[in-house]
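Residue numbers (our numbering): 1 to 171. Every residue, glycine too, gets a C-beta built ideally from N, C-alpha and C. This structure is a prediction, so every number in the text was calculated from the model and none was measured.
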């Protein structure tokens, strides 16, 4: 049943499943044997170490879900790559530098686009996902394309503003 409800966790090996202080805590580990370096795209199977990563995941029956994920740090085997080690990313679940799973991020973005800040935060709290109105707005803004503003090449100085005592207007 858990595979049906949490289908995005298929690529993980589930170690433990518990309810702690009203939160569903799922302990899991990535089961891929290799990972690709994000800089050089070189596939490596040489493990440097492991660590636990905590991610918020989509709510389950109105309860917040915490994914306690054991991920591996791999060594890049390409000698001239500037990134010596990198962490494996589980496709469809994790992404770099985030504390939320990808399905949770998509859910919050959908709520944010429909309801925006305060109303979106209230609805997400009712669904078991506690976020602030500012977080909702930040997620919406992260989707917007930033206009490409070029820096000016030459800055001019307003000569008339330097000498305020004299008038340049015709008399």
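Checklist entry - Is the CB-CB distance between residue 55 and residue 100 below 8 Å? => result The residue you call residue 55 lines up with position 55 of the chain shown. The residue you call residue 100 lines up with position 100 of the chain shown. In this structure, residue 55 places its C-beta atom within 8 Å of the C-beta atom of residue 100.
Checklist entry - Is residue 12 helix, strand or coil by DSSP? => result By one-based count along the chain shown, residue 12 stands at place 12. Strand, per DSSP.
Checklist entry - Can you tell which of 47, 135 and 108 has the C-alpha that lies nearest to the C-alpha of residue 33? => result As a position in the chain shown, residue 33 is number 33, starting the count at 1. Nearest neighbour of residue 33 by Cα position, chosen from 47, 135 and 108, turns out to be 47.
Next on the checklist: I'd like to check one pair, residue 129 with residue 104: are the Cβ atoms closer than 8 Å?
Outcome noted: Counted from its first residue, the chain shown places residue 104 at position 104. Counted from its first residue, the chain shown places residue 129 at position 129. Yes, the Cβ-Cβ distance between residue 104 and residue 129 is below 8 Å.
Item to check | Ordered list of alpha helix (DSSP H) runs contained in the segment 75-149, each at least 4 residues | outcome: Listed in chain order, the complete alpha helix (DSSP H) runs (minimum 4 residues) inside the segment 75-149 are 102-115, 117-126 and 133-143.
Checklist entry - Run through DSSP, which three-state label would residue 45 get? => result Here the question's residue 45 lines up with position 45 in the chain shown. Secondary structure of residue 45 (DSSP, three-state): coil.
Checklist entry - By how many angstroms is the C-alpha of residue 80 removed from the C-alpha of residue 150? => result Your numbering for residue 150 matches position 150 in the chain shown. Your numbering for residue 80 matches position 80 in the chain shown. Going from the Cα of residue 150 to the Cα of residue 80 covers about 33 Å.
Checklist entry - Can you tell me whether DSSP reads residue 27 as helix, strand or coil? => result Looking up residue 27 in the chain shown gives position 27. Residue 27: strand per DSSP, three-state reduction.
Next on the checklist: Determine whether the beta carbon atoms of residue 124 and residue 108 lie at a separation below 8 Å.
Outcome noted: Within the chain shown, residue 124 is the residue found at index 124, counting from 1. Within the chain shown, residue 108 is the residue found at index 108, counting from 1. Yes, these two residues count as a Cβ contact at 8 Å.
Checklist entry - For residue 102, does the count of other Cβ atoms within 10 angstroms reach 16, so buried, or fall short, so exposed? => result Along the chain shown, read from residue 1 onward, the residue named residue 102 stands at position 102. Residue 102 should be labelled buried.
Next on the checklist: Based on DSSP bridge pairs, tell me the residues matched to residue 173.
Outcome noted: No information on residue 173 is available, as it lies outside the stretch 1 to 171 that the chain covers here.
Item to check | Nonlocal neighbours in the same chain, by C-beta distance under 8 Å from residue 23, ignoring five residues either side | outcome: Residue 23 sits at position 23 when you count from the first residue of the chain shown. Within the same chain, residue 23 has close Cβ partners 63, 64, 65 and 66.
Checklist entry - To the nearest angstrom, how far is it from the Cα of residue 41 to the Cα of residue 155? => result Taking the chain shown and counting its residues from 1, one reaches residue 41 at position 41. Taking the chain shown and counting its residues from 1, one reaches residue 155 at position 155. The straight-line gap from Cα to Cα measures roughly 42 Å.
Checklist entry - Looking at C-alpha atoms only, which residue of 15, 27 and 118 is the closest neighbour of residue 57? => result Indexing the chain shown from 1 puts residue 57 at position 57. When only C-alpha atoms are compared, the closest one is 27.
Next on the checklist: Short of 8 Å in beta carbon distance, which residues of its chain neighbour residue 31, apart from the five on each side in sequence? Order them along the chain.
Outcome noted: The residue you call residue 31 lines up with position 31 of the chain shown. Excluding sequence neighbours, residue 31 sits near 11, 12 and 13.
Checklist entry - In whole angstroms, what separates the C-alpha of residue 35 from that of residue 145? => result Walking along the chain shown from the start, residue 35 turns up at place 35. Walking along the chain shown from the start, residue 145 turns up at place 145. Roughly 30 Å between the two C-alpha positions.
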